[in-house]
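Engineer: Got a structure for you, questions after.
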Amino acid sequence: MAAELTAPELIAKHRPTLDQALEAIRTRAYWSPHPEHPKAYGEHGSLDAAAGKAAFDALLGTRLDLGQAGTDDWVGGEISPYGIELGVSYPHADLDVLLPAMKAGQPAWRDAGAEVRAVVCLEILKRISDRTHEFAHAVMHTSGQAFLMAFQAGGPHAQDRGLEAVAYAYAEQVRTPESAEWSKPQGKRDPLVLTKNFTPVPRGIGLVIGCNTFPTWNGYPGLFASLATGNAVLVKPHPRAVLPLALTVRIAREVLTEAGFAADLVALAAERPGEGIAKALATRPEIRIIDYTGSTSFGDWLEANARQAQVYTEKAGVNTVIVHSTDDYKGMLSNLAFSLSLYSGQMCTTPQNLLIPREGILTDQDPKTFDEVTADLARAVDGLLGDDARANALLGAIVNPDVKARLEAAAGLGEVALASREIGNPEFPGAVVRTPVIVKLDGAKPDAEAAYMSECFGPVSFAVALDSVTDAVELLRRTVREKGAMTVGAYTTDSEVERAIEEVCLEEAAQLSFNLTGGVFVNQTAAFSDFHGSGGNPAANAALCDGAFVANRFRVVEVRHQG
Numbered sequence: 004m005a006a007e008l009t010a011p012e013l014i015a016k017h018r019p020t021l022d023q024a025l026e027a028i029r030t031r032a033y034w035s036p037h038p039e040h041p042k043a044y045g046e047h048g049s050l051d052a053a054a055g056k057a058a059f060d061a062l063l064g065t066r067l068d069l070g071q072a073g074t075d076d077w078v079g080g081e082i083s084p085y086g087i088e089l090g091v092s093y094p095h096a097d098l099d100v101l102l103p104a105m106k107a108g109q110p111a112w113r114d115a116g117a118e119v120r121a122v123v124c125l126e127i128l129k130r131i132s133d134r135t136h137e138f139a140h141a142v143m144h145t146s147g148q149a150f151l152m153a154f155q156a157g158g159p160h161a162q163d164r165g166l167e168a169v170a171y172a173y174a175e176q177v178r179t180p181e182s183a184e185w186s187k188p189q190g191k192r193d194p195l196v197l198t199k200n201f202t203p204v205p206r207g208i209g210l211v212i213g214c215n216t217f218p219t220w221n222g223y224p225g226l227f228a229s230l231a232t233g234n235a236v237l238v239k240p241h242p243r244a245v246l247p248l249a250l251t252v253r254i255a256r257e258v259l260t261e262a263g264f265a266a267d268l269v270a271l272a273a274e275r276p277g278e279g280i281a282k283a284l285a286t287r288p289e290i291r292i293i294d295y296t297g298s299t300s301f302g303d304w305l306e307a308n309a310r311q312a313q314v315y316t317e318k319a320g321v322n323t324v325i326v327h328s329t330d331d332y333k334g335m336l337s338n339l340a341f342s343l344s345l346y347s348g349q350m351c352t353t354p355q356n357l358l359i360p361r362e363g364i365l366t367d368q369d370p371k372t373f374d375e376v377t378a379d380l381a382r383a384v385d386g387l388l389g390d391d392a393r394a395n396a397l398l399g400a401i402v403n404p405d406v407k408a409r410l411e412a413a414a415g416l417g418e419v420a421l422a423s424r425e426i427g428n429p430e431f432p433g434a435v436v437r438t439p440v441i442v443k444l445d446g447a448k449p450d451a452e453a454a455y456m457s458e459c460f461g462p463v464s465f466a467v468a469l470d471s472v473t474d475a476v477e478l479l480r481r482t483v484r485e486k487g488a489m490t491v492g493a494y495t496t497d498s499e500v501e502r503a504i505e506e507v508c509l510e511e512a513a514q515l516s517f518n519l520t521g522g523v524f525v526n527q528t529a530a531f532s533d534f535h536g537s538g539g540n541p542a543a544n545a546a547l548c549d550g551a552f553v554a555n556r557f558r559v560v561e562v563r564h565q566g
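In the numbering used here, the protein residues as written are 4 to 566.
In structure tokens, the structure reads:
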């Protein structure tokens with residue numbers, strides 16, 4: 004069957020976007036082709052709010068047949084953190100059938116070349132973008148994000164990260180020319196002449212192990228980086244967050260088929276309840292690339308045991324903010340309050356430890372003691388979340404019982420500066436919604452260290468009193484070195500303190516933000532400009548997205564011809 008989407012058509016349609024993405028990663032300036040506002044959708048084939056909600060509702064209780072090879076059963080069981088059963092069932096794969104089928108499609112995909120692969124990926128992303136409203140509901144009801152966050156982070160921001168990966172992948176592949184004429188002079192003799200051809204070849208099948216909290220945002224970089232570099236991709240979603248990635252796989256398979264490639268280049272590996280297929284999949288010889296987001300323990304296991312694969316992990320760290328001084332005390336408190344509250348702290352970038360000198364800080368108002376800073380921050384969070392409707396829109400829902408248990412246990416670790424409270428959600432009475440807790444700890448006491456030197460994922464923060472800012476800087480260094488950090492924040496008006504904090508982050512490879520008091524928050528990053536993680540500390544061995552994230556997903560094979 005002839006391809007419905009020809010390469011020239013796809014290039015004409017998407018090459019301008021690819022070029023803009025390449026320019027954006029070069030300049031690091033703001034750019035996005037994916038609108039953030041829900042009202043921007045509804046034209047040119049995209050679903051508006053009503054159509055997207057209807058499309059999501061139509062999925063509930065259905066079987067999502069992807070038509071992939073080796074389906075031997077149907078599995079499901081997702082329950083929304085908002086309390087509704089999704090009832091969607093997915094294909095369960097016989098891997099001994101599916102993996103060979105995936106591998107069989109790679110030669111034609113490899114031979115298509117970097118540009119064709121890139122524009123096919125951009126067509127996939129365009130179709131996902133057109134259904135952003137549908138995806139928003141799918142992300143909301145698997146992750147517990149509030150709708151607007153699910154719309155933005157699960158939609159345009161995730162799509163941006165996927166496009167960013169495609170741009171980096173393309174740039175790395177075309178760094179080497181397709182061919183070269185080589186002539187070496189031999190004095191009086193005829194020169195040595197060779198024609199050399201260089202082909203990027205895929206490593207093999209890439210495995211994407213999805214996470215519960217950000218299935219698309221964390222899933223798309225690895226998926227599109229591997230696909231754009233010629234690899235087939237097997238997507239293994241988190242059992243509680245299958246739907247957004249299953250929809251992604253379905254769209255990818257449709258586009259690949261229409262472009263004349265094998266649909267099985269992208270496939271889904273859903274699992275039965277309690278089956279736990281990730282370890283078995285990760286060590287299969289066919290799997291040559293792994294992208295993983297999740298717990299440190301399993302990330303460490305993958306790095307140690309999946310020796311046949313190139314493993315990219317985003318694990319966990321202990322994110323830290325040093326509060327030394329500020330010339331905008333109100334803005335600092337407001338910014339921190341939002342950062343601690345967004346999505347109930349269920350982000351790998353949310354600050355956990357707030358390191359504050361025991362004697363207090365200088366501000367544009369009056370000097371503030373440690374107790375005053377913590378009390379004022381507690382009031383700022385209370386003010387932000389005082390209205391239940393606004394609180395629900397910011398907090399979303401607690402994603403799983405483990406987060407709720409950590410939140411409840413945190414109150415027993417020290418003096419509570421801000422107690423967590425329960426909030427009802429009128430639209431979804433089954434949702435578990437809790438405000439953050441802030442616990443004060445004395446950094447000089449050994450028993451406090453067990454708390455602040457461990458990740459407490461969720462809406463839990465520790466205000467740690469230290470003898471000096473020097474102690475805070477040294478604790479920052481030790482925390483990043485031993486536990487890792489996805490983000491570091493600092494507030495200071497002292498240039499020497501700023502230099503000391505920056506030096507620690509440069510030496511320990513941690514991404515740093517200074518004096519955020521407006522609408523940019525330490526736990527948010529922008530594709531094409533900001534790096535998510537650095538790959539240089541224990542929180543992650545890769546950065547989203549840089550050249551290192553894509554370059555080792557393919558190798559260049561040289562074929563030489565004499566004459």
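Note that beta-carbon positions come from the ideal geometry of N, C-alpha and C, so glycine has one too.
Taking the alpha carbon of F531 as the reference point, which residue from T20, L8 and A554 has its own alpha carbon closest?
Structural biologist: By 1-based counting over the sequence shown, the position of residue 531 is 528. If we check each option's Cα against that of F531, T20 comes out closest.
Engineer: Let me check understanding here. Comparing Cα to Cα, which of V258, Q349, A312 and E261 lies closest to L397?
Structural biologist: What you label residue 397 is simply residue 394 of the sequence shown in a count that begins at 1. The residue with the shortest Cα to Cα distance from L397 is Q349.
Engineer: By the 10 Å Cβ neighbour count, where 16 or more other Cβ atoms means buried, how is P370 classified, buried or exposed?
Structural biologist: Residue 370 sits at position 367 when you count from the first residue of the sequence shown. Under this definition P370 is an exposed residue.
Engineer: For A546, which three-state DSSP category applies?
Structural biologist: As a first step, residue 546 must be located in the sequence shown, where it is residue number 543. DSSP places A546 in coil when its eight states are reduced to three.
Engineer: Taking only runs that begin and end inside the stretch 459–522, name each unbroken beta strand (DSSP E) of 3 or more residues, in chain order.
Structural biologist: Entirely contained in the stretch 459–522, the beta strand (DSSP E) runs reaching 3 residues are, in chain order, 463–469, 491–494 and 515–517.
Engineer: Identify the continuous alpha helix (DSSP H) that holds R130 and give its terminal residues.
Structural biologist: Position 127 of the sequence shown, counted from the start, is the residue given in the question as residue 130. Counting along the chain, the alpha helix (DSSP H) containing R130 begins and ends at A117 to D133.
Engineer: So, under 8 Å CB-CB, I127 and A255 are touching, yes? Tell me the CB distance rounded to an integer number of Å.
Structural biologist: Residue numbering aside, residue 127 sits at position 124 when the sequence shown is read from its first letter. Residue numbering aside, residue 255 sits at position 252 when the sequence shown is read from its first letter. Correct: roughly 5 Å between the Cβ atoms.
Engineer: A168: buried (16+ other C-beta within 10 angstroms of its C-beta) or exposed?
Structural biologist: Along the sequence shown, read from residue 1 onward, the residue named residue 168 stands at position 165. A168 comes out buried.
Engineer: Measuring CB atoms only, is the stretch 212–227 touching the stretch 87–102, in the sense that at least three cross pairs come out at less than 8 Å?
Structural biologist: Result no; under three Cβ-Cβ pairs closer than 8 Å.
Engineer: Could you tell me which uninterrupted beta strand (DSSP E) segments, each at least 3 residues in length, are contained entirely in the stretch 214–253, listed from first to last along the chain?
Structural biologist: Correct list: 236–239.
Engineer: Starting from I290, follow the beta strand (DSSP E) in both directions and report where the run begins and ends.
Structural biologist: Counted from its first residue, the sequence shown places residue 290 at position 287. Its beta strand (DSSP E) spans residues I290 to T296.
Engineer: Skipping 5 residues on each side, what residues in its chain have a beta carbon closer than 7 Å to that of L50?
Structural biologist: The residue given as residue 50 occupies position 47 in the sequence shown. Same-chain partners within the cutoff: Y44, A58, D133, R134, H136 and E137.
Engineer: Could you check the C-alpha separation between V467 and E452 for me, to the nearest Å?
Structural biologist: What you label residue 467 is simply residue 464 of the sequence shown in a count that begins at 1. What you label residue 452 is simply residue 449 of the sequence shown in a count that begins at 1. In a straight line, the C-alpha of V467 is about 10 Å away from that of E452.
Engineer: So, A546 versus M489, is the Cβ gap smaller than 7 Å?
Structural biologist: For the purposes of this step, residue 546 is taken as residue 543 along the sequence shown, with counting starting at 1. For the purposes of this step, residue 489 is taken as residue 486 along the sequence shown, with counting starting at 1. No, the Cβ-Cβ distance between A546 and M489 is not below 7 Å.
Engineer: Would you mind sorting Y295 into buried or exposed? The rule is 16 or more other CB atoms within 10 Å of its CB.
Structural biologist: Position 292 of the sequence shown, counted from the start, is the residue given in the question as residue 295. It counts as buried.
Engineer: So the candidates are A117, T520 and T145; which of them puts its Cα closest to the Cα of S90?
Structural biologist: Looking up residue 90 in the sequence shown gives position 87. The sequence as given places Gly at residue 90; Ser does not occur at that position. Measuring from the Cα of G90, the nearest candidate turns out to be T145.
Engineer: For V402, which option in V419, F460 and V442 has the closest C-alpha, if you only look at C-alpha atoms?
Structural biologist: Residue mapping note: residue 402 aligns to position 399 of the sequence shown, counting from 1. Taking only the C-alpha atoms, the option nearest V402 is F460.
Engineer: Are the stretch 232–239 and the stretch 261–273 in contact at 8 Å, needing three or more beta carbon pairs?
Structural biologist: These segments touch.
Engineer: Taking all protein chains shown into account, decide if N338 is buried (16 or more other Cβ within 10 angstroms of its Cβ) or exposed.
Structural biologist: What you label residue 338 is simply residue 335 of the sequence shown in a count that begins at 1. Buried, by the Cβ-count rule.
Engineer: Where does P84 land, buried or exposed, given buried means 16+ other C-beta within 10 angstroms?
Structural biologist: By one-based count along the sequence shown, residue 84 stands at place 81. P84 is buried by the Cβ-count criterion.
Engineer: Quick check on this structure: which residue in N322, G320, F524 and P288 has the alpha carbon closest to the alpha carbon of N308?
Structural biologist: For this step, residue 308 is matched to residue 305 along the sequence shown. It is P288 whose Cα lies nearest to the Cα of N308.
Engineer: DSSP three-state call for G79: helix, strand or coil?
Structural biologist: Taking the sequence shown and counting its residues from 1, one reaches residue 79 at position 76. In this structure, G79 counts as strand in the three-state DSSP scheme.
Engineer: Check whether the stretch 317–328 and the stretch 405–420 touch, using three or more Cβ-Cβ pairs below 8 Å as the test.
Structural biologist: Segments in contact, no.
Engineer: With DSSP collapsed to three states, give me the class of V258.
Structural biologist: Along the sequence shown, one-based indexing puts residue 258 at 255. Reduced to three states, the DSSP call for V258 is helix.
Engineer: Just grab the DSSP bridge partners of F201 for me.
Structural biologist: Here residue 201 corresponds to residue number 198 of the sequence shown, with the count starting at 1. According to DSSP, F201 bridges with E561.
Engineer: Just the Cα atoms here: how many angstroms apart are C508 and N544?
Structural biologist: Position 505 of the sequence shown holds residue 508. Position 541 of the sequence shown holds residue 544. So the alpha carbons of these two residues sit roughly 16 Å apart.
Engineer: Taking contact to mean 3 or more Cβ pairs, one atom from each stretch, closer than 8 Å, check whether the stretch 68–77 and the stretch 157–167 are in contact.
Structural biologist: Because the criterion of three Cβ pairs below 8 Å is not met, the stretch 68–77 and the stretch 157–167 do not touch.
Engineer: What first and last residue would you give for the alpha helix (DSSP H) that runs through Q176?
Structural biologist: For the purposes of this step, residue 176 is taken as the residue at position 173 of the sequence shown. P159 to Q176 is the extent of the alpha helix (DSSP H) around Q176.
Engineer: So for Q155, helix, strand or coil by DSSP?
Structural biologist: Within the sequence shown, numbered from 1, the residue matching residue 155 stands at position 152. Looking at Q155 - three-state DSSP - the assignment turns out to be helix.
Engineer: Does the structure place the stretch 194–212 close enough to the stretch 509–529 that three or more beta carbon pairs sit under 8 Å?
Structural biologist: Output reads no: the stretch 194–212 does not touch the stretch 509–529.
Engineer: Give the straight-line distance between the Cα atoms of N200 and G263, rounded to the nearest whole angstrom.
Structural biologist: Locating residue 200 in the sequence shown gives position 197, where the first residue counts as 1. Locating residue 263 in the sequence shown gives position 260, where the first residue counts as 1. Taking the straight line from one Cα to the other gives about 25 Å.
Engineer: Just list the alpha helix (DSSP H) runs in the stretch 8–84, keeping only unbroken ones of 4 residues or longer that don't cross its boundaries, in chain order.
Structural biologist: Listed in chain order, they are 10–30 and 52–62.
Engineer: Restricting to Cα atoms, I'd like to know which of T299, L67 and E118 is closest to L248.
Structural biologist: Numbered from its first residue, the sequence shown carries residue 248 at position 245. Of T299, L67 and E118, the residue nearest in Cα terms is L67.
Engineer: Taking the straight line between their C-alpha atoms, what separation do you get for A433 and A503?
Structural biologist: For this step, residue 433 is matched to residue 430 along the sequence shown. For this step, residue 503 is matched to residue 500 along the sequence shown. With the sequence shown as reference, residue 433 is identified as Gly, and Ala is not the correct amino acid for it. Their backbone Cα atoms lie some 47 Å apart in a straight line.
Engineer: Just tell me which of R18, A153 and G538 has its CA closest to the CA of A244.
Structural biologist: By 1-based counting over the sequence shown, the position of residue 244 is 241. Nearest C-alpha to A244: A153.
Engineer: Sort A394, A454, R361 and C548 by Cα distance to R437 and report the nearest one.
Structural biologist: Within the sequence shown, the letter at position 434 stands for residue 437. R437 has its Cα closest to that of A394, out of A394, A454, R361 and C548.
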